[in-house]
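Sequential numbering from 883 applies to the sequence shown in the numbering used here.
The C-beta atom is built at its ideal place from N, Cα and C for all residues, glycine as well.
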Amino acid sequence: MIAETVPETAGPWVGWSLDGLGWGKGGEAWGGELLQLDACGAWRRLDHFPLLALPGGDRAAREPWRLAVAVLARATGDEAVLREWWARRAAAAQALGIRWPHSAEVERLWHWLRSCPNGSIMTTSSVGRWFDAVSALLGLCAYNTFEGEAALRLESAAARAFDVRRAPSFVGRFATDGEPHWEPEANWHGWWSWVARFAAATAIPEWAAAFHHVIAETLVARARPHLTDPTLLGGGGCWQNRLLIDATAAACARYGVTLRLAQQLPANDGGIALGQAWWVLAARRAMTASQRSSREETSDVSGNTRRSGCAFA
């Protein structure tokens, strides 16, 4: 996004990178990161979405029901909740002709997740995988037959109840109606138990829309303390979701923040090459400037040494 639009300010810039899955610094599976970047190519990770288990690794991306089970195992630990979810969604899936996992397979994964020691299962902060998990919790998609199917089905269901004009009251109703609730400004307190509530939801379009609105509110609320100017950037495949864009833009407007997304290039993998090229050039310019500065320090009239540098290290 920065490479395409060349923001008017010199940075640093703050934005959410929301995608299916990408390897972060240190080899972690990222996809829901709040990043800060400057004109020198320096960057740092400010925040990220909670880590969701990926039982089966890449298989979890193809079979979102696995992510739903992982959410319930982490959030409740109550096998009765799992069985109620499976029975409710399996009956609806059968009526609609949607493929659904067998109960034995679901319970086998549940017991495996509950018995695994902490840190032994691959996890990700990917917002794309969170959309998949909620889609499965609502019974919309248990198996992806094409890339992004679960998220697209969630977006399609949400469109039937989506309305940015009543977003604040809408979010309040579904984020706090009963227990537990989710407060975007909190340190992810309540997130897991709130997402687990989707397992028992009956008004599917309303809950699907609520997820979009709450994600949008979360993006803005958690980014605001880090903004150096009232601009929030966005990049990654999840920003192809029109409802997410509209909800986030509306949330930004309520707080006097402008949402900026790429316009000429795709938000997903199609724009990665340009971003990588910009980063290399920016880092190279910064290195050249640093080397020149080390050889030719200049002083102002008061004798203070002045060096070129990045916004942060």
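#### Entry: Of the residues 1100, 1045, 1043, the one placed nearest residue 1072, counting alpha carbons only
The sequence position of residue 1072 within the sequence shown is 190, counting from 1. Nearest of 1100, 1045, 1043 to residue 1072, Cα basis: 1100.
### Query
Are the beta-carbon atoms belonging to residue 1011 and residue 934 less than 9 Å from one another?
What you label residue 1011 is simply residue 129 of the sequence shown in a count that begins at 1. What you label residue 934 is simply residue 52 of the sequence shown in a count that begins at 1. Their beta carbons are under 9 Å apart, which means residue 1011 touches residue 934 by this criterion.
### Query
Should residue 1087 and residue 1041 be called a contact, given that it needs their Cβ atoms to be closer than 9 Å?
Locating residue 1087 in the sequence shown gives position 205, counting from the first residue. Locating residue 1041 in the sequence shown gives position 159, counting from the first residue. For residue 1087 and residue 1041, yes; Cβs fall inside 9 Å.
### Query
Using CA coordinates, which residue listed in 903, 932, 899 is at the minimum distance from residue 917?
On the sequence shown, residue 917 is found 35 positions in, with the first residue counted as 1. The option with the nearest alpha carbon to residue 917 is 899.
### Query
Exposed or buried, what is residue 990 when buried is set at 16 or more other beta-carbons lying within 10 Å of its beta-carbon?
Reading the sequence shown from its first residue, position 108 is the one you call residue 990. Per the 10 Å Cβ criterion, exposed.
### Query
Considering only residues of the same chain and omitting the five flanking positions on each side of residue 997, which have a CB-CB separation below 8 Å?
Position 115 of the sequence shown holds residue 997. Same-chain partners within the cutoff: there are none.
### Assigned exposure category for residue 876 - 16 Cβ within 10 Å defines buried
The structure shown does not extend to residue 876, since the chain spans only 883 to 1195, so no value can be given for it.
### Message
Buried or exposed for residue 1002, going by 16 or more other Cβ atoms inside 10 Å?
### Response
Taking the first residue of the sequence shown as 1, we reach residue 1002 at position 120. Flag for residue 1002 reads exposed.
### Query
Using CA coordinates, which residue listed in 1129, 1119, 1089, 939 is at the minimum distance from residue 1005?
Translated into positions along the sequence shown, residue 1005 becomes position 123. That would be 939, whose Cα lies nearest to the Cα of residue 1005.
### Query
Could you give the C-beta distance for residue 946 and residue 1007, rounded to a whole number, given that I count them as a contact under 8 Å?
Sequence index remark: in the sequence shown, residue 946 carries index 64 (1-based). Sequence index remark: in the sequence shown, residue 1007 carries index 125 (1-based). Actually they do not touch by this definition, with Cβ atoms about 17 Å apart.
### Message
With a threshold of 6 Å on Cβ separation, who are the neighbours of residue 1108 within its own chain once the five nearest residues in sequence on each side are excluded?
### Response
Numbered from 1 along the sequence shown, position 226 holds the residue referred to as residue 1108. Around residue 1108: 896, 928.
### Task
Quick one: grab the DSSP three-state call for residue 918.
Your numbering for residue 918 matches position 36 in the sequence shown. Correct three-state label for residue 918: strand.
### Query
Which class does residue 1071 belong to by DSSP, given the choice of helix, strand or coil?
Residue mapping note: residue 1071 aligns to position 189 of the sequence shown, counting from 1. Three-state DSSP puts residue 1071 in coil, outside helix and strand.
### Query
Residues in its own chain within less than 6 Å of residue 1070 by CB, not counting five upstream and five downstream?
Counting from 1 along the sequence shown, the entry for residue 1070 is found at position 188. Same-chain partners within the cutoff: 932.
### Task
Using three-state DSSP, classify residue 1043 as helix, strand or coil.
As a position in the sequence shown, residue 1043 is number 161, starting the count at 1. Correct three-state label for residue 1043: coil.
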